[in-house]
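Undergrad: Have a look at this one.
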């Protein structure tokens, strides 16, 4: 399960990180991402609309890869998975959440920013970890340094990744995929600018294609 999910996320190269405040936006947003060439989303559990939005997106676009982000408790893991989430992302390394997901064969991507946190992930057999907040903690250069002793691990940097630095991140072979919010900004979603979201998503998908083939 974990290896297959890692491969799927790597194949997309970019994972849109979505904050939805209104469930009515879930379906049109999912459609924009799919048409733009990135049929994947990490829906953050920061809002009351997150759980139902995941359910709506999964039902409307069953081919889409939908995960839950900013997951802080095992109760949120259950709610997200019951709504249809196929993977779990947490901002930091919470052993309780990681172990809970592993015991239930739920792909989980905990935040790791230090060698000690990566070591805890490796100890549990994880081979892909979130790296957050990426830019604030040194970006690609830090990822390369962390990957040097932990050769089996790849990272999903999130935080400060955008169209300007996306090529640099994707060019690093230690990066599985990049998480980003630039194509799904809250003001665009609120204004219903789904055509614009589709356009920006397509630009990101094109960069992935250019870098990774």
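In this note's numbering, the protein residues as written are 577 to 789. Cβ atoms here follow ideal geometry from the backbone N, Cα and C, with glycine treated the same way.
I'd like the list of long-range same chain contacts for residue 736, defined as Cβ closer than 6 Å, with 5 residues on each side in sequence excluded.
TA: Excluding sequence neighbours, residue 736 sits near 710 and 711.
Undergrad: Among residues of its own chain, excluding the 5 on either side of residue 630, which ones have a beta-carbon nearer than 7 Å to its beta-carbon?
TA: These residues qualify, in order along the chain: 619, 642, 644, 656, 659, 660 and 661.
Undergrad: With residue 777 as the anchor, note down where its alpha helix (DSSP H) starts and where it stops.
TA: Residues 770-788.
Undergrad: Where residue 669 and residue 713 are concerned, what is the direct C-alpha to C-alpha distance, given to the nearest angstrom?
TA: Going from the Cα of residue 669 to the Cα of residue 713 covers about 16 Å.
Undergrad: Please say whether residue 654 and residue 765 have beta carbons closer to each other than 8 Å?
TA: Against a cut-off of 8 Å, the Cβ pair of residue 654 and residue 765 comes out as no contact.
Undergrad: Spatial neighbours of residue 578 within its chain, please: C-beta separation below 6 Å, excluding the five flanking residues on both sides.
TA: These residues qualify, in order along the chain: 683.
Undergrad: Is it true that the stretch 603-617 meets the stretch 768-781, where meeting means three or more beta-carbon pairs spaced less than 8 Å apart?
TA: Yes, the stretch 603-617 touches the stretch 768-781.
Undergrad: Kindly list the residues whose CB is nearer than 7 Å to the CB of residue 753, restricted to its own chain and excluding five residues on each side of it in sequence; keep chain order.
TA: Result list for residue 753: 585, 586, 588, 589, 590, 591 and 732, in chain order.
Undergrad: Report the rounded CA-to-CA distance for residue 652 versus residue 787, giving the unit in angstroms.
TA: Roughly 35 Å between the two C-alpha positions.
Undergrad: Verify whether the separation of the beta carbon atoms of residue 676 and residue 650 is less than 8 Å.
TA: Contact: yes.
Undergrad: On the criterion of 16 or more Cβ atoms from any shown chain inside 10 Å, does residue 739 qualify as buried, or is it exposed?
TA: With fewer than 16 Cβ atoms within 10 Å of its Cβ, residue 739 is classed as exposed.
Undergrad: Distance check for residue 689 and residue 666, CA to CA, integer angstroms please.
TA: One C-alpha to the other measures close to 12 Å.
Undergrad: Ends of the alpha helix (DSSP H) at residue 653?
TA: Taken as a continuous stretch (DSSP letters only), the alpha helix (DSSP H) holding residue 653 covers 650-659.
Undergrad: Measure from the alpha carbon of residue 760 to the alpha carbon of each residue in 784, 681, 596 and 581, then state which is nearest.
TA: Of the candidates 784, 681, 596 and 581, the one whose C-alpha sits nearest the C-alpha of residue 760 is 596.
Undergrad: With distance defined between alpha-carbon atoms, name the residue in 769, 720, 721 and 729 nearest to residue 699.
TA: Measuring from the Cα of residue 699, the nearest candidate turns out to be 729.
Undergrad: If you check the beta carbons only, do residue 605 and residue 776 fall under 8 Å apart?
TA: Going by C-beta atoms, residue 605 is not nearer than 8 Å to residue 776.
Undergrad: Using 8 Å as the threshold, is the C-beta distance between residue 594 and residue 617 below it?
TA: Contact flag set, yes.
Undergrad: Extract the residue ranges of the beta strand (DSSP E) inside the stretch 718-748, only unbroken runs of 3 or more that lie entirely within it.
TA: The stretch 718-748 contains these whole beta strand (DSSP E) runs: 730-733.
Undergrad: Can you tell me which of the three DSSP states residue 618 falls into?
TA: It is a strand residue.
Undergrad: As an exercise, report each continuous beta strand (DSSP E) stretch of at least 3 residues that is fully enclosed by the stretch 674-698, in chain order.
TA: You should have 684-686.
Undergrad: How about residue 646 and residue 628: do their beta carbons lie closer than 8 Å?
TA: Cβ distance not < 8 Å, so residue 646 and residue 628 don't count as in contact.
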